[in-house]
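Let me begin by presenting the structure, written as structure tokens, before commenting on it.
Spelled out as structure tokens, the structure:
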């Protein structure tokens, strides 16, 4: 049985209580074959363990058992939105992240500058991670093209990453990617996934062809690959649904994009974990919901660096006192998916969840890791239910029904 | 929240990894009143326990809590198909099982030869389990009738079991059974469950009437009872959805029918458990998914024979090394329902599930039985999610969403 957002909206009420959602990206893991312990089990986390002892724990499926979530559905679920119904394209996410104003009808795609060899085969999907300044210069070369009466905007994001926005009538996002997600083959031809998308596919392919010409001498960034064609989904905001005044603290544009999609205000912050916790402290009085996002744990997992992921977790644990000392009414700690270092990528394993509030009905879990959370009072839950639990624990929900 | 097959299809990818699904029919049980232990708790199962120790366990509801599944929905769920949406009639199952080619519009029913007394009351629903040869002779007497321009095919299955297929225009499967599922009363009149099914009901009743005349002197097989009128449901295959090359190893036609419905290839095998595991070994290189079905456990449970069910489980445990020595990437052990000997029939109790893979995030369960599985890392899950988990653990799923 599912409590939908419409129902939720009817029972939410504003109150002075505050909720902090700490998302440790890629939090869940798998055992290190050498020690039999996961990243969380290995890390020394006295503060998280202390919070687990005072709180209630569980394991959450972001989408459903076995399904590996991308970052977008992972976060949508944590924000309380059904991650399958509220799906959002990569292009839109990145565009919103860098504050590009999307008009109705605009189609955005995420681009990579990449390296191709003389035969046109991709040798590096990230063009050696060119510096952001170089990316910006190259974007200027491609920006402002007019193709079939469609205006093309190109903006840099970071390093090799950029966005393209196509503006003109009659465009549909239902086209395939040109990014093949692997090296050793050519970028794919972009194809329409239904009849309405023929124009978009044609325009996008012409853009790619022109980019190839313009970039011919720009090795290693001598080609582009595009993915995630999408349009603004106009989701209901967290203010509308939860009657919250929400703010986001994150260090990478895509998470700003996700936060903006649900109406959060983006707080300026630095790139370190300590910076982010400081930003929380400085803005604590101005909002009643904070999404604090730690990216480094996922990066370490993606790089297959078990020890670095352990260190990031320990770093978060140290910084945690900057959060607990503010005494929020509700603290949630979880992840948007697991990223076990042994897999070197996102995985389907459920993520540990910790919820602390004065009214959480604490369980016997005294450590914050996968095995301990298995016996926790939250049980095995759907991630989209976490936000409702946070709201309940913040006494921001009225009862349902007579 | 439900990930449907359409979504699943988008994220499945072929890979060389292999999955073996071992279905121990009627696996779950209830305690023997004398000992307080279930069949699985009583059986000596060092190999299953070893696999549980290396794997992750849980308890699965085939349909939903409290609902007792028939064999068809139980298996559909284990194959990853929603057992309510993908329902399939008994007639079709048995017809497909014996390789009868159903045409579009054909209606199949499962039949029993049975014994009726002089007053027409059923005294034995299985006619003393007549030998298959006798069944085949009797079917020949009934085969080929033409009733109201409907051609009637009658084919033997095994012992007292046969199928009838009605071929002609305008037939609907929405008719009631004539099999009353008990003795001491007459076979029921077949009735239309909606207006479109009047013709089918009329034809079927005429067939039953003629069969009664033809069989009058064939005691103990002097009557027929029919059930499960149904037509071919044309389900998407496991190859379409999962991009697998699946094979089935089972010793009874109905399970071949179930396997064929989802596009599995049926491997020839013997009738013993050892034969089946040998067939797995011999065909291991030719497929990437194996459904291995053990029927004897359910039969023992249905007969209320606790000790025999224990022995069957121990026999499977002994044979298990023939499976584990092949080192499949993923091994799943479960049942299509519980059949507690103390109930002498299928039951609603959730079935133990064991999943082993290198990436399963093992739990602390070290024995494979109902109580131990209760604390397992898979928690309480829907059986239809098991196949998705198997696919994930075989690294055959890409991530969902940006």
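Chains as they are written, first to last, in the numbering used here: chain A, 16 to 417; chain B, 16 to 417. For glycine and all other residues, C-beta sits at the position ideal for the given N, C-alpha and C.
- Who pairs with residue 446 (chain B) in a beta bridge, going by DSSP? Absent from the model: residue 446 (chain B). The displayed extent of chain B is 16 to 417, so no value can be given.
- Exposed or buried, which one is residue 88 (chain A) when buried takes at least 16 other CB atoms within 10 Å? buried
- Quick one: list the residues of chain B neighbouring residue 80 (chain A), beta-carbon separation under 7 angstroms, in chain order. 396, 400, 403 and 404
- The alpha helix (DSSP H) with residue 223 (chain B) in it runs from where to where? 213-229
- Task: Compute the distance between the beta-carbons of residue 180 (chain B) and residue 123 (chain B), then report whether it is under 9 angstroms.
- Result: yes
- Message: For the alpha helix (DSSP H) containing residue 155 (chain B), name the first residue and the last one.
- Response: 147-157
- Under 8 angstroms from the C-beta of residue 412 (chain B): neighbouring residues of chain A: 81, 82, 83 and 363
- Query: Residues of chain A with CB under 7 angstroms from residue 392 (chain B), in chain order?
  - Reply: 389
- Out of curiosity, what's the CA-to-CA distance linking residue 289 (chain B) and residue 53 (chain B)? 24 angstroms
- Task: Spell out whether any CB of chain B is found under 9 angstroms from the CB atom of residue 314 (chain A).
- Result: no
- Task: Could you tell me which chain A residues have their CB closer than 8 angstroms to the CB of residue 326 (chain B), listed as they occur along the chain?
- Result: Simply none; closest approach about 34 angstroms.
- Message: On a Cα-Cα basis, can you pick out the residue from A:253, A:374 and A:105 that is closest to residue 28 (chain A)?
- Response: A:253
- Task: Kindly indicate which three-state DSSP category residue 14 (chain B) falls into: helix, strand or coil?
- Result: With chain B covering only 16 through 417, there is no way to say anything about residue 14 (chain B).
- Item | Beta-bridge pairing of residue 364 (chain A) - partner residues as DSSP gives them | Answer is none; residue 364 (chain A) lacks a bridge partner.
- Enumerate in chain order the residues of its own chain whose CB-to-CB distance from residue 310 (chain A) is below 8 angstroms, with the five nearest sequence positions on each side excluded. 40, 265, 266, 267 and 270
- Determine the chain A residues that contact residue 376 (chain B) at a beta-carbon separation under 7 angstroms, and present them in chain order. 45, 364 and 385
- Task: Out of A:277, A:316 and A:400, point me to the one whose CA is closest to residue 249 (chain A)'s CA.
- Result: A:277
- Contact with chain A by residue 221 (chain B), beta-carbon distance below 9 angstroms: no
- List the residues that DSSP assigns as beta-bridge partners of residue 292 (chain A). For residue 292 (chain A), which the question treats as bridged, DSSP gives no partner whatsoever.
- Message: Am I right that residue 7 (chain A) and residue 389 (chain A) are in contact with their C-beta atoms under 8 angstroms? What's the rounded C-beta distance?
- Response: Here chain A comprises residues numbered 16 to 417, so residue 7 (chain A) is not present and cannot be evaluated.
- Query: What number of angstroms, rounded off, separates the C-alpha of residue 367 (chain A) from the C-alpha of residue 108 (chain B)?
  - Reply: 43 angstroms
- Query: Roughly how many angstroms lie between the CA atoms of residue 374 (chain A) and residue 408 (chain A), to the nearest whole one?
  - Reply: 6 angstroms
- For chain B, find out if any of its Cβ atoms is closer than 9 angstroms to the Cβ of residue 125 (chain A); answer yes or no. yes
- Whole-angstrom Cβ separation of residue 372 (chain A) and residue 344 (chain A), contact assumed at under 8 angstroms? 6 angstroms
- Message: Tell me the DSSP secondary structure of residue 76 (chain A) in three-state form.
- Response: strand
- Contact check, residue 192 (chain A) vs residue 160 (chain A) under 8 angstroms by CB: the rounded distance? Not really, about 20 angstroms apart at Cβ, beyond 8 angstroms.
- For chain B, find out if any of its Cβ atoms is closer than 9 angstroms to the Cβ of residue 217 (chain A); answer yes or no. no
- Item | Where the alpha helix (DSSP H) through residue 386 (chain A) begins and ends | 385-388
- Query: Can you list, in chain order, the residues of the stretch 101-113 of chain A whose Cβ is nearer than 8 angstroms to any Cβ on chain B?
  - Reply: 102, 103, 104, 105 and 108
- Query: When DSSP labels each residue in this structure, what does residue 113 (chain B) get in the three-state scheme?
  - Reply: coil
- Message: On the criterion of 16 or more Cβ atoms from any shown chain inside 10 Å, does residue 361 (chain B) qualify as buried, or is it exposed?
- Response: buried
- Task: Could you tell me whether the Cβ atoms of residue 300 (chain A) and residue 130 (chain A) are closer together than 9 angstroms?
- Result: no
- Would you kindly check if the distance between the Cβ of residue 279 (chain A) and the Cβ of residue 261 (chain A) is under 9 angstroms? yes
- Residue environment, residue 351 (chain A), which counts as buried when at least 16 other CB atoms sit within 10 Å: buried
- How should residue 297 (chain B) be labelled, buried or exposed, when 16 other C-beta atoms within 10 angstroms of its C-beta is the threshold for buried? exposed
- Query: Thinking C-beta only, is residue 94 (chain B) closer than 9 angstroms to residue 406 (chain B)?
  - Reply: no
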